[in-house]
(Lines of atoms letter the chains of each structure in order from A and count residues from 1; the text may use other names and numbers.)
(Lines give C-alpha, C1' and ligand atoms only; values in the text may rest on other atoms or scores of the structure.)
Protein backbone atom coordinates (compact mmCIF):
# COMPACT_ATOMS: atom_id res chain seq x y z
CA UNK A 1 0.00 0.00 0.00
CA UNK A 2 1.21 3.50 -0.83
CA UNK A 3 0.72 6.51 1.43
CA UNK A 4 0.82 10.06 0.12
CA UNK A 5 0.54 13.70 1.10
CA UNK A 6 -0.59 16.10 -1.61
CA UNK A 7 -0.13 19.85 -1.59
CA UNK A 8 -3.06 21.75 -3.12
CA UNK A 9 -2.13 25.09 -4.69
CA UNK A 10 0.17 24.57 -7.65
CA UNK A 11 0.04 20.79 -7.22
CA UNK A 12 -3.62 19.75 -7.42
CA UNK A 13 -5.19 23.10 -8.26
CA UNK A 14 -3.97 25.55 -10.87
CA UNK A 15 -4.25 28.43 -8.40
CA UNK A 16 -0.80 29.87 -7.83
CA UNK A 17 -1.45 32.94 -9.94
CA UNK A 18 -4.10 34.06 -7.44
CA UNK A 19 -1.89 33.43 -4.39
CA UNK A 20 1.15 35.10 -5.95
CA UNK A 21 -0.50 38.54 -5.70
CA UNK A 22 -3.04 38.06 -2.90
CA UNK A 23 -1.25 39.94 -0.11
CA UNK A 24 -0.72 42.97 -2.36
CA UNK A 25 -4.35 42.87 -3.47
CA UNK A 26 -5.49 42.80 0.14
CA UNK A 27 -3.31 45.75 1.16
CA UNK A 28 -4.55 47.69 -1.88
CA UNK A 29 -8.16 46.87 -0.95
CA UNK A 30 -7.50 48.76 2.30
CA UNK A 31 -6.34 51.83 0.37
CA UNK A 32 -2.64 51.32 1.12
CA UNK A 33 0.35 50.83 -1.15
CA UNK A 34 2.04 47.45 -0.68
CA UNK A 35 5.81 47.15 -0.57
CA UNK A 36 7.21 45.88 -3.88
CA UNK A 37 8.23 42.47 -2.57
CA UNK A 38 5.29 41.88 -0.21
CA UNK A 39 3.98 38.80 -1.98
CA UNK A 40 7.44 37.26 -1.97
CA UNK A 41 7.88 38.07 1.75
CA UNK A 42 4.69 36.23 2.74
CA UNK A 43 4.94 33.39 0.21
CA UNK A 44 6.39 30.90 2.71
CA UNK A 45 4.06 31.93 5.56
CA UNK A 46 0.83 30.32 6.73
CA UNK A 47 -2.35 32.40 6.56
CA UNK A 48 -2.00 33.14 10.27
CA UNK A 49 1.62 34.22 9.92
CA UNK A 50 0.75 36.38 6.92
CA UNK A 51 -2.10 38.04 8.82
CA UNK A 52 0.21 38.79 11.75
CA UNK A 53 2.81 40.23 9.38
CA UNK A 54 0.26 42.41 7.55
CA UNK A 55 -1.28 43.63 10.81
CA UNK A 56 2.08 44.62 12.28
CA UNK A 57 3.82 45.86 9.13
CA UNK A 58 0.90 47.93 7.80
CA UNK A 59 -0.64 48.93 11.13
CA UNK A 60 -3.95 47.30 10.28
CA UNK A 61 -6.36 47.84 13.15
CA UNK A 62 -8.11 44.47 12.82
CA UNK A 63 -7.68 41.07 14.42
CA UNK A 64 -5.68 38.40 12.60
CA UNK A 65 -8.90 36.38 12.28
CA UNK A 66 -10.65 39.31 10.57
CA UNK A 67 -7.71 39.82 8.21
CA UNK A 68 -7.73 36.13 7.25
CA UNK A 69 -11.48 36.23 6.68
CA UNK A 70 -11.17 39.28 4.42
CA UNK A 71 -8.27 37.73 2.49
CA UNK A 72 -10.23 34.51 1.95
CA UNK A 73 -13.25 36.51 0.81
CA UNK A 74 -11.08 38.00 -1.95
CA UNK A 75 -10.46 34.53 -3.41
CA UNK A 76 -13.54 32.52 -2.39
CA UNK A 77 -15.39 32.93 -5.70
CA UNK A 78 -12.29 31.78 -7.57
CA UNK A 79 -12.25 28.51 -5.59
CA UNK A 80 -16.02 28.07 -5.78
CA UNK A 81 -16.44 28.66 -9.50
CA UNK A 82 -13.24 29.09 -11.48
CA UNK A 83 -10.17 27.20 -10.27
CA UNK A 84 -9.21 24.22 -12.41
CA UNK A 85 -7.23 21.09 -11.72
CA UNK A 86 -3.60 21.04 -12.78
CA UNK A 87 -3.44 19.40 -16.21
CA UNK A 88 -3.23 15.61 -15.92
CA UNK A 89 -4.03 15.43 -12.19
CA UNK A 90 -7.41 13.70 -12.47
CA UNK A 91 -5.99 11.01 -14.73
CA UNK A 92 -3.08 10.48 -12.34
CA UNK A 93 -5.12 10.29 -9.14
CA UNK A 94 -7.71 7.98 -10.68
CA UNK A 95 -4.96 5.41 -11.38
CA UNK A 96 -2.82 5.95 -8.28
CA UNK A 97 -3.44 3.25 -5.66
CA UNK A 98 -2.71 5.02 -2.39
CA UNK A 99 -4.12 6.27 0.90
CA UNK A 100 -3.97 10.04 0.43
CA UNK A 101 -4.23 13.11 2.60
CA UNK A 102 -3.92 16.75 1.72
CA UNK A 103 -1.30 18.93 3.40
CA UNK A 104 -1.95 22.60 2.65
CA UNK A 105 -1.65 26.15 3.89
CA UNK A 106 -4.95 26.95 2.17
CA UNK A 107 -8.30 27.21 3.94
CA UNK A 108 -9.95 23.80 4.41
CA UNK A 109 -13.41 25.03 3.42
CA UNK A 110 -12.14 26.47 0.13
CA UNK A 111 -10.18 23.29 -0.63
CA UNK A 112 -13.23 21.09 -0.01
CA UNK A 113 -15.47 23.27 -2.18
CA UNK A 114 -13.03 23.26 -5.09
CA UNK A 115 -12.09 19.57 -4.93
CA UNK A 116 -15.72 18.49 -4.58
CA UNK A 117 -16.76 20.62 -7.57
CA UNK A 118 -13.90 19.16 -9.60
CA UNK A 119 -14.75 15.56 -8.65
CA UNK A 120 -11.57 14.58 -6.78
CA UNK A 121 -12.38 15.12 -3.08
CA UNK A 122 -13.23 11.43 -2.65
CA UNK A 123 -9.59 10.46 -3.32
CA UNK A 124 -8.50 11.99 0.02
CA UNK A 125 -8.99 10.67 3.54
CA UNK A 126 -8.36 13.98 5.29
CA UNK A 127 -7.31 17.59 4.79
CA UNK A 128 -4.53 18.77 7.08
CA UNK A 129 -4.07 22.53 7.09
CA UNK A 130 -1.50 24.78 8.67
CA UNK A 131 -4.33 26.31 10.69
CA UNK A 132 -5.50 22.92 11.94
CA UNK A 133 -2.07 21.88 13.27
CA UNK A 134 -0.84 25.41 14.04
CA UNK A 135 2.34 24.91 12.00
CA UNK A 136 3.50 26.42 8.71
CA UNK A 137 4.70 24.27 5.84
CA UNK A 138 8.29 25.38 6.46
CA UNK A 139 8.10 23.61 9.84
CA UNK A 140 8.95 19.87 9.84
CA UNK A 141 6.20 19.34 12.43
CA UNK A 142 3.60 20.12 9.77
CA UNK A 143 4.67 17.10 7.71
CA UNK A 144 5.03 14.96 10.82
CA UNK A 145 1.42 15.82 11.72
CA UNK A 146 0.36 14.62 8.25
CA UNK A 147 2.33 11.39 8.77
CA UNK A 148 0.59 10.91 12.10
CA UNK A 149 -2.82 11.14 10.39
CA UNK A 150 -1.65 8.46 7.94
CA UNK A 151 -0.21 6.48 10.88
CA UNK A 152 3.01 5.93 8.91
CA UNK A 153 6.69 6.82 9.17
CA UNK A 154 8.01 9.61 6.91
CA UNK A 155 10.15 7.19 4.88
CA UNK A 156 6.97 5.28 3.94
CA UNK A 157 5.16 8.33 2.58
CA UNK A 158 5.42 10.16 -0.75
CA UNK A 159 4.89 13.93 -0.71
CA UNK A 160 3.68 15.56 -3.94
CA UNK A 161 4.67 19.22 -3.83
CA UNK A 162 5.54 22.14 -6.11
CA UNK A 163 7.25 24.55 -3.68
CA UNK A 164 11.00 24.15 -3.26
CA UNK A 165 11.05 25.22 0.40
CA UNK A 166 8.44 22.56 1.26
CA UNK A 167 10.31 19.94 -0.73
CA UNK A 168 13.48 20.72 1.22
CA UNK A 169 11.70 20.48 4.60
CA UNK A 170 9.99 17.17 3.78
CA UNK A 171 13.17 15.59 2.37
CA UNK A 172 15.26 16.62 5.38
CA UNK A 173 13.01 14.63 7.70
CA UNK A 174 12.90 11.51 5.56
CA UNK A 175 9.89 11.79 3.26
CA UNK A 176 10.10 10.70 -0.36
CA UNK A 177 9.21 13.74 -2.45
CA UNK A 178 8.05 14.16 -6.03
CA UNK A 179 8.26 17.71 -7.35
CA UNK A 180 5.25 18.52 -9.50
CA UNK A 181 5.50 20.77 -12.50
CA UNK A 182 3.04 19.02 -14.80
CA UNK A 183 1.10 15.84 -14.01
CA UNK A 184 1.09 14.88 -17.67
CA UNK A 185 4.86 14.36 -17.46
CA UNK A 186 4.47 12.13 -14.42
CA UNK A 187 1.44 10.07 -15.46
CA UNK A 188 3.11 7.48 -17.68
CA UNK A 189 6.16 7.10 -15.43
CA UNK A 190 4.30 6.82 -12.16
CA UNK A 191 1.13 4.96 -13.04
CA UNK A 192 3.17 1.84 -13.76
CA UNK A 193 5.67 2.30 -10.92
CA UNK A 194 3.79 4.06 -8.11
CA UNK A 195 0.27 2.69 -8.21
CA UNK A 196 -1.85 -0.16 -9.49
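Residue numbers (our numbering): 4 to 199.
We treat Cβ as the ideally placed atom computed from N, Cα and C, and that holds for glycine.
In this structure, residue 117 lies away from residue 131, with their beta-carbon atoms at least 8 Å apart. With the rule of 3 Cβ pairs closer than 8 Å, the segment 69–85 counts as touching the segment 104–115. If you draw a straight line from the Cα of residue 119 to the Cα of residue 18, it is about 16 Å long.
By the C-beta criterion, the segment 153–160 is judged not to be in contact with the segment 51–70, since fewer than 3 inter-stretch pairs fall below 8 Å. DSSP, reduced to helix, strand and coil, places residue 9 within a strand of the structure shown.
Within the segment 65–117, the complete beta strand (DSSP E) segments at least 3 residues long are 101–107, listed from N- to C-terminus. Taken atom to atom, the span from the alpha-carbon of residue 70 to that of residue 54 is near 6 Å.
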